[in-house]
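For the record, in the sequence shown the residue sitting at position 84 is 84 according to my numbering, with numbers rising by one throughout.
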Amino acid sequence: MDELSYREVKVRRPELPRIQFDNFKTFCNFVGKTDKRIEEKFSNVRIDANDTVAMVYFNYVFLVDGIPTNHGDETWQLVRTEAGWKISSMLYSVTLDEVPTL
Numbered sequence: 001m002d003e004l005s006y007r008e009v010k011v012r013r014p015e016l017p018r019i020q021f022d023n024f025k026t027f028c029n030f031v032g033k034t035d036k037r038i039e040e041k042f043s044n045v046r047i048d049a050n051d052t053v054a055m056v057y058f059n060y061v062f063l064v065d066g067i068p069t070n071h072g073d074e075t076w077q078l079v080r081t082e083a084g085w086k087i088s089s090m091l092y093s094v095t096l097d098e099v100p101t102l
């Protein structure tokens, strides 16, 4: 998270570490169980590749019921396997948007 977003979250959850390596599990659980409409929009996609490895870098905005909740940059590192391209690692930043109280 960017510094301001992290400070805001720490007020509510002081035990929360700055980097969360298993955060994808919480995210997948949310996506699988929510009754809200979720969407992720991508822009400024850049791809650099050779025959063996590749890197994809892009900006994203995450929306819940059409309202932006956070945005940031994301990067994937890929490797070509016999079965095709596979993501070997993924990193992303998070900046919380001001979400109106619903």
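In this text, a Cβ means the ideal position worked out from N, Cα and C, and glycines have one as well.
Distance between residue j and residue i (C-alpha atoms, nearest Å)
| i | j | result |
| --- | --- | --- |
| residue 51 | residue 44 | 23 Å |
| residue 97 | residue 73 | 14 Å |
| residue 102 | residue 75 | Bear in mind that a pLDDT of 44 at residue 102, under 50, signals an unreliable position, so the model cannot answer this. |
| residue 65 | residue 36 | 6 Å |
| residue 9 | residue 16 | 8 Å |
| residue 6 | residue 13 | 10 Å |
| residue 31 | residue 49 | 30 Å |
| residue 89 | residue 57 | 12 Å |
Three-state secondary structure (DSSP) of residue i
| i | result |
| --- | --- |
| residue 41 | strand |
| residue 5 | helix |
| residue 94 | coil |
| residue 33 | helix |
| residue 102 | Legend: pLDDT at residue 102 = 44, less than 50; position of this residue unreliable, value from coordinates given subsequently. Three-state DSSP puts residue 102 in coil, outside helix and strand. |
| residue 80 | strand |
| residue 23 | helix |
| residue 18 | coil |
| residue 12 | helix |
Rounded Cβ spacing between residue i and residue j (contact assumed at less than 8 Å)
| i | j | result |
| --- | --- | --- |
| residue 105 | residue 91 | Given that the chain is displayed from residue 1 to residue 102, the structure contains no residue 105 and the question cannot be resolved. |
Own chain, CB closer than 7 Å to residue i, minus 5 neighbours either side, in chain order
| i | result |
| --- | --- |
| residue 39 | 63 |
| residue 80 | 51 and 52 |
DSSP beta-bridge partners of residue i
| i | result |
| --- | --- |
| residue 86 | 79 |
Contacts around residue i, its chain only, beta-carbon distance under 6 Å, and the 5 residues preceding and following it disregarded
| i | result |
| --- | --- |
| residue 2 | 95 |
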